[in-house]
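What follows is one structure encoded as C-alpha cells, with my remarks underneath.
2 protein chains.
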Amino acid sequence: MKPSVVTIEPNGHYCSDCAVRGAAVCSSLDAAELREFEHLGRRVHFESGETVFSEEDITTSFYNVLEGVMRLYKLLPDGRRQIVGFALPGDFLGMNISGRHNFSADAIGVVAVCQFAKGPFGRFIEDRPQLLKRINELAIRELSQARDHMVLLGRRSADEKVATFLLGWRDRLVALKGLSDIVPLPMSRQDIADYLGLTIETVSRTFTKLERHGVIEIIHGGISLLDPARAEAMAAA
Amino acid sequence: MKPSVVTIEPNGHYCSDCAVRGAAVCSSLDAAELREFEHLGRRVHFESGETVFSEEDITTSFYNVLEGVMRLYKLLPDGRRQIVGFALPGDFLGMNISGRHNFSADAIGVVAVCQFAKGPFGRFIEDRPQLLKRINELAIRELSQARDHMVLLGRRSADEKVATFLLGWRDRLVALKGLSDIVPLPMSRQDIADYLGLTIETVSRTFTKLERHGVIEIIHGGISLLDPARAEAMAAA
DNA sequence: ACCCAAATTTGATCTGAGTCAATTGGCTTT
DNA sequence: AAAGCCAATTGACTCAGATCAAATTTGGGT
Numbered sequence: 000m001k002p003s004v005v006t007i008e009p010n011g012h013y014c015s016d017c018a019v020r021g022a023a024v025c026s027s028l029d030a031a032e033l034r035e036f037e038h039l040g041r042r043v044h045f046e047s048g049e050t051v052f053s054e055e056d057i058t059t060s061f062y063n064v065l066e067g068v069m070r071l072y073k074l075l076p077d078g079r080r081q082i083v084g085f086a087l088p089g090d091f092l093g094m095n096i097s098g099r100h101n102f103s104a105d106a107i108g109v110v111a112v113c114q115f116a117k118g119p120f121g122r123f124i125e126d127r128p129q130l131l132k133r134i135n136e137l138a139i140r141e142l143s144q145a146r147d148h149m150v151l152l153g154r155r156s157a158d159e160k161v162a163t164f165l166l167g168w169r170d171r172l173v174a175l176k177g178l179s180d181i182v183p184l185p186m187s188r189q190d191i192a193d194y195l196g197l198t199i200e201t202v203s204r205t206f207t208k209l210e211r212h213g214v215i216e217i218i219h220g221g222i223s224l225l226d227p228a229r230a231e232a233m234a235a236a
Numbered sequence: 000m001k002p003s004v005v006t007i008e009p010n011g012h013y014c015s016d017c018a019v020r021g022a023a024v025c026s027s028l029d030a031a032e033l034r035e036f037e038h039l040g041r042r043v044h045f046e047s048g049e050t051v052f053s054e055e056d057i058t059t060s061f062y063n064v065l066e067g068v069m070r071l072y073k074l075l076p077d078g079r080r081q082i083v084g085f086a087l088p089g090d091f092l093g094m095n096i097s098g099r100h101n102f103s104a105d106a107i108g109v110v111a112v113c114q115f116a117k118g119p120f121g122r123f124i125e126d127r128p129q130l131l132k133r134i135n136e137l138a139i140r141e142l143s144q145a146r147d148h149m150v151l152l153g154r155r156s157a158d159e160k161v162a163t164f165l166l167g168w169r170d171r172l173v174a175l176k177g178l179s180d181i182v183p184l185p186m187s188r189q190d191i192a193d194y195l196g197l198t199i200e201t202v203s204r205t206f207t208k209l210e211r212h213g214v215i216e217i218i219h220g221g222i223s224l225l226d227p228a229r230a231e232a233m234a235a236a
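If you read the sequences in order, they're chains A and B. Quick note on numbering that gives the first Met the number 0: the first sequence kicks off at 0 and runs consecutively. Quick note on numbering that gives the first Met the number 0: the second sequence kicks off at 0 and runs consecutively.
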C-alpha cells in the first residue's frame with residue numbers, strides 16, 4: 000500500500016526476552032535450540048498500513064508476529080475483498096505448498112514481526128520433528144478456525160456475525176492480555192465488514208443497534224462489552 | 000443418520016493394490032514402511048447416508064478415503080448446516096488438536112475408507128518425519144482451499160458461487176479420473192446449497208439459468224459442461 | 001484552535017436471494 | 001401401471017442487507 004519503510008533493528012535482540020517466546024512456534028524449542036534459532040530470525044517493524052507480503056508473491060520468508068495486529072485478505076479481480084483472518088502476537092504466517100503466499104497481509108497500526116528466511120528456516124526444521132509437529136498443530140488449529148468462519152459466512156445473519164466477531168475477538172485479546180470487557184478494535188469498520196462478508200453500513204448499523212439494546216457501548220477505538228451474556232445469546236442463534 | 004452398519008472386510012487387503020497408494024498420506028512411505036503401515040489400517044465400507052464420524056465425537060480414528068464421496072459439515076444449534084467440504088479418494092480425515100472431531104462426515108453413496116486407530120497411527124508417525132511432513136502439507140493445502148471458500152461464501156454472488164463450484168468440482172474429478180466434460184454430481188441440491196451458502200431453490204434456479212444460456216446441460220445425476228470458457232468467465236466475476 | 005480529508009453514522013430506496021407454496025419428475029413398491 | 005414418495009423445479013411474493021446519498025464525527029497537520 001504505502002512504500003515499504005522497513006526498519007531492521009541494528010542492535011541485538013534475543014529470543015530469551017521475546018514477548019511471544021512461550022506462545023509461538025518457539026515454544027517447542029529448548030534453551031539450546033532457542034539460542035541457535037535466534038540467529039535465523041530478524042526483528043522487523045512495519046508502519047500502519049504497510050504490506051508485509053502480498054498474495055501470489057513468491058514466499059521468501061516466514062513471519063512470527065510479535066506485536067500489533069495484521070489483516071490477512073484475498074482480493075477478487077474486481078476489487079472485492081475478503082479478510083480471511085486477523086493475526087495477533089504469537090501467530091505464525093507464510094506456510095504454503097505452492098511456494099507463493101495465498102493471501103496478502105498488512106499492518107493495522109504498528110507491527111513487529113520476527114522474520115525468517117525460508118531456506119535456513121526450512122533446514123532448521125528438517126532435523127527437528129517437534130518443531131514440525133508444532134507447526135502442524137498451528138496449521139490444524141487454523142483449519143478448525145477457518146471452518147468455523149465458513150459457517151459464519153455461509154449461514155449466519157448480520158446480527159449473529161457481528162456478535163460472534165465481537166466475542167471471538169474479545170476472547171483472543173483475553174488470552175493474550177488478560178480479562179477485560181473493554182474490547183479495543185484497531186481495525187476499521189471496513190475491515191470488520193470484509194471479515195464478516197457484510198458492507199460497512201450494515202456493520203455500523205448493527206453496532207448502533209447493539210448499543211441501543213445495551214449490549215455494548217461504542218467507545219473510542221473499540222467497544223465496551225456491557226452484556227456478554229446477551230451477546231452470547233445473539234451469537235449462538 | 001441411519002444405524003451404523005459397518006462392514007469390516009474379513010479377508011486380506013494390501014496397500015500394494017490400494018487405489019490411492021500414490022496419492023494419499025501413504026505416498027511418503029517406502030515399500031518396507033508400507034508393509035508395516037498395512038497392519039495399522041482396516042478397510043471399512045459405509046452405505047449411502049451413513050455417518051462416519053460426528054462433530055464433537057472423541058477422535059478414535061483417522062480415515063483415508065479410498066472410494067466414493069463424503070460430505071463434511073457443521074451444524075448450528077437450530078439446524079442450519081454449512082458443508083465445509085466434500086471428501087474424495089485420497090483425502091485424509093480426522094486431524095485435530097482438541098481430541099474431538101470439529102466437523103461431521105457422512106457418506107454420499109457407497110464409501111470405502113482405510114481406517115487407522117489413533118494411538119497406533121500416532122506412534123507410527125512419531126519416528127517418521129516424512130509422514131508428518133506429508134500430513135502437514137495436506138493440512139496446509141486444505142487451509143488454502145478453506146480460505147478460497149471463505150472468499151466465495153463472503154463475497155461472491157449466487158451465479159458466481161454455482162459456476163465456481165461446478166468448475167472446481169470438475170477439476171477435482173479430472174485430477175482423479177481424467178478429463179471429461181460430463182460432471183457427475185452425486186450430492187443433492189441441498190448439499191450444494193449448504194456448501195455454497197445458498198438455498199436449494201436458488202441453486203436450482205441458477206442451474207436452470209445456466210442451462211438456458213447454453214453453459215451447461217442438466218443430465219441425470221450431474222451436468223454436462225457445454226461452455227467451460229463462459230463458466231470460467233461467470234466464476235471469475 | 002482551525003482546516004481538511006477520511007471514517008463513520010444515518011436515512012431512503014432498491015434488489016438478490018430467501019420464503020412460501022404448488023407442480024413436476026423419477027423411482028420404488030405393489 | 002397405478003400409487004406413493006422424495007427430490008427438484010417453478011412461480012409469486014417478501015425481506016435482510018446492499019446501494020445510493022447525505023450528514024456528522026474524528027483525526028492529523030499546521
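Every residue, glycine too, gets a C-beta built ideally from N, C-alpha and C.
> Quick one, which residues of the segment 127-138 of chain A are near chain B if we go by CB-CB under 8 Å, in chain order?
Replying inline: So the list reads 128, 131, 132, 134, 135, 136, 138, given in the order they occur along the chain.
> Whose CA, out of B:140, B:51, B:156, lies closest to the CA of residue 201 of chain B?
Replying inline: For residue 201 of chain B, the closest C-alpha among the options B:140, B:51, B:156 is that of B:156.
>> Starting from residue 162 of chain B, trace the beta strand (DSSP E) in both directions and tell me its first and last residue.
In response: First-last for residue 162 of chain B: 157-176, but that is the alpha helix (DSSP H), not the beta strand (DSSP E).
>> Once the 5 residues before and after residue 239 of chain A are set aside, which same chain residues still bring their CB inside 7 Å of it?
In response: Given a span of 0 to 236 for chain A in the structure shown, any question on residue 239 of chain A remains unanswerable.
> For residue 54 of chain B versus residue 101 of chain B, is the C-beta spacing smaller than 8 Å?
Replying inline: Contact check for residue 54 of chain B against residue 101 of chain B passes: the beta carbons are separated by less than 8 Å.
> Cβ of residue 73 of chain A less than 8 Å from any chain B Cβ?
Replying inline: Yes, its Cβ sits closer than 8 Å to a Cβ of chain B.
>> Just to confirm the assignment, what range does the alpha helix (DSSP H) spanning residue 211 of chain A have?
In response: The continuous alpha helix (DSSP H) containing residue 211 of chain A extends over residues 199-211.
> residue 73 of chain A bridges to which residues according to DSSP?
Replying inline: In the DSSP output, where bridge partners are listed per residue, residue 73 of chain A has A:81.
>> Helix, strand or coil, according to DSSP, for residue 236 of chain B in the structure here?
In response: Note: residue 236 of chain B maps to coil in three-state DSSP.
>> Using a Cβ-Cβ cutoff of less than 7 Å, which residues in the same chain neighbour residue 99 of chain B once the five nearest sequence positions on both sides are dropped?
In response: Excluding residues within five positions, the ones whose Cβ falls inside 7 Å are 55, 56, 57, 58.
> Just how far apart, CA to CA, sit residue 67 of chain A and residue 183 of chain A?
Replying inline: For residue 67 of chain A and residue 183 of chain A, the distance between alpha carbons rounds to 12 Å.
>> Strictly below 9 Å CB to CB, what residues from chain B border residue 143 of chain A?
In response: Against residue 143 of chain A, the close residues of chain B are 95, 96, 97, 101, 102, in the order they occur along the chain (beta-carbon pairs closer than 9 Å).
>> Rounded to the nearest angstrom, what separates residue 191 of chain A and residue 205 of chain A at their Cα positions?
In response: For residue 191 of chain A and residue 205 of chain A, the distance between alpha carbons rounds to 12 Å.
> Assuming residue 134 of chain B and residue 24 of chain B make a contact with CB atoms under 8 Å, what is their CB distance in whole Å?
Replying inline: Their Cβ separation, rounded to whole angstroms, is 6 Å, which keeps residue 134 of chain B and residue 24 of chain B in contact under 8 Å.
>> Strictly under 8 Å for the Cβ-Cβ distance: is residue 189 of chain B near chain A by that measure?
In response: With respect to chain A, the C-beta atom of residue 189 of chain B has no partner C-beta closer than 8 Å.
>> Nearest by alpha-carbon distance to residue 143 of chain B: which of A:208, A:93, A:87 is it?
In response: It is A:93 whose Cα lies nearest to the Cα of residue 143 of chain B.
> Using a beta-carbon distance cut-off of less than 7 Å, what residues from the segment 148-167 of chain A approach chain B?
Replying inline: For the segment 148-167 of chain A, the set of positions with a beta-carbon nearer than 7 Å to some beta-carbon of chain B reads 148, 149, 150, 152, 153, 154 in chain order.
> With a Cβ-Cβ cutoff of 8 Å, do residue 74 of chain A and residue 152 of chain B count as a contact?
Replying inline: No. Outside cutoff.
> Using the beta-carbon count (16 or more within 10 Å), is residue 8 of chain B buried or exposed?
Replying inline: Reliability of the predicted coordinates at residue 8 of chain B is poor, the pLDDT of 48 falling under 50, and the value obtained from them is presented with this limitation in mind. So residue 8 of chain B counts as exposed.
>> Give me, in chain order, the residues of the same chain whose beta-carbon lies closer than 7 Å to that of residue 277 of chain B; leave out the 5 immediate sequence neighbours on both sides.
In response: Here chain B has residues from 0 to 236 only, and residue 277 of chain B is not among them.
> In the structure shown, what three-state DSSP assignment does residue 216 of chain B receive?
Replying inline: If DSSP states are grouped into helix, strand and coil, residue 216 of chain B belongs with the strands.
>> I'd like to know if residue 56 of chain B contacts chain A, where contact means its C-beta is closer than 8 Å to some C-beta of that chain.
In response: Closer than 8 Å: no.
> Would you call residue 231 of chain B buried or exposed, if buried means 16 or more other Cβ atoms sit within 10 Å of its Cβ?
Replying inline: Exposed, by the Cβ-count rule.
>> Considering only the alpha carbon of each residue, which of A:36, A:236, A:78 lies closest to residue 237 of chain A?
In response: With chain A running from 0 to 236 in the structure shown, residue 237 of chain A is simply not present.
>> Can you confirm whether residue 122 of chain A, when its beta carbon is compared against all beta carbons of chain B, has any partner nearer than 8 Å?
In response: Using beta-carbon distances, residue 122 of chain A does not count as an interface residue toward chain B, since no partner is under 8 Å.
>> Taking CB distances under 8 Å as the criterion, tell me whether residue 140 of chain A reaches chain B.
In response: So yes, residue 140 of chain A belongs to the interface.
>> Taking 7 Å as the limit between beta carbons, can you name the residues of its chain near residue 237 of chain A, skipping five residues before and five after?
In response: The first residue shown for chain A is 0 and the last is 236, placing residue 237 of chain A beyond what the model contains.
> In whole angstroms, what separates the C-alpha of residue 81 of chain A from that of residue 208 of chain B?
Replying inline: Taking the straight line joining both Cα atoms gives about 27 Å.
> If you compare alpha carbons, which of B:44, B:220, B:127 is closest to residue 31 of chain B?
Replying inline: Residue B:127 is the option with its Cα nearest to residue 31 of chain B.
>> Rounded to whole angstroms, what is the Cα-Cα separation between residue 163 of chain B and residue 193 of chain B?
In response: Rounded to whole angstroms, residue 163 of chain B to residue 193 of chain B spans 15 Å at the Cα level.
> Mind pulling the alpha helix (DSSP H) runs of 4 or more residues that sit fully within the segment 87-170 of chain B?
Replying inline: Here the runs fully enclosed are 117-125, 128-154.
> Does DSSP classify residue 237 of chain B as helix, strand or coil?
Replying inline: As shown, chain B starts at 0 and ends at 236. That puts residue 237 of chain B outside it, with no answer to give.
> What residues in the segment 190-201 of chain A bring their beta carbon closer than 7 Å to a beta carbon of chain B?
Replying inline: Answer in chain order: 196.
> From this set, A:175, A:154, A:180, A:199, which residue's C-alpha is nearest residue 186 of chain A's C-alpha?
Replying inline: Comparing Cα positions, the closest option is A:199.
>> Using DSSP's beta-bridge definition, name the partner residues of residue 182 of chain A.
In response: Among the bridge pairs identified by DSSP, residue 182 of chain A is matched with A:222.
>> Going by the DSSP bridge assignment, what does residue 66 of chain B pair with across the sheet?
In response: DSSP, once it has assigned bridges, lists B:111 as partnering residue 66 of chain B.
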